[in-house]
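Accompanying notes for the structure given below.
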Amino acid sequence: MSKSKHNGVDPDDMLKDYGIDTTRLLILADVSPTSHRHWTVDKVIAPEVIAPEVIAPEVVVPELIAPEVVM
């Protein structure tokens with residue numbers, strides 16, 4: 001992928017479409033530090049799929065739920 005060949009993904013478009021957290025996850029996920037990165041929109045994964053415990057920590061640690069909410 002190359003900017004000069006216009007076949008890359010514009011990070012600004014990724015930020016607008018998916019937000020900073022998903023873009024960061026895409027950058028860091030499933031790539032070793034020494035490999036070449038191939039940017040495609042097809043690789044975008046929703047954060048809740050990668051780390052559901054981050055999205056809903058009360059599922060992993062029930063003590064995080066306020067006592068008045070627990071039924």
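Residue 54 in the UniProt record's numbering sits at position 54 of the sequence shown; the count goes up by one each step and never skips.
Cβ atoms here follow ideal geometry from the backbone N, Cα and C, with glycine treated the same way.
Could you spell out the range, first to last residue, of the alpha helix (DSSP H) harbouring K16? What you label residue 16 is simply residue 16 of the sequence shown in a count that begins at 1. From DSSP, the alpha helix (DSSP H) with K16 extends over P11 to L28.
Do you know offhand how far T34's Cα is from K5's? Locating residue 34 in the sequence shown gives position 34, where the first residue counts as 1. Locating residue 5 in the sequence shown gives position 5, where the first residue counts as 1. C-alpha separation (whole angstroms): 23 Å.
Take T23 and list the residues in its own chain whose beta-carbon comes closer than 8 Å to its own, dropping the five residues that flank it on each side. Start at 1 with the first residue of the sequence shown, and residue 23 comes out as number 23. Answer for T23: P11, M14 and L15, listed in chain order.
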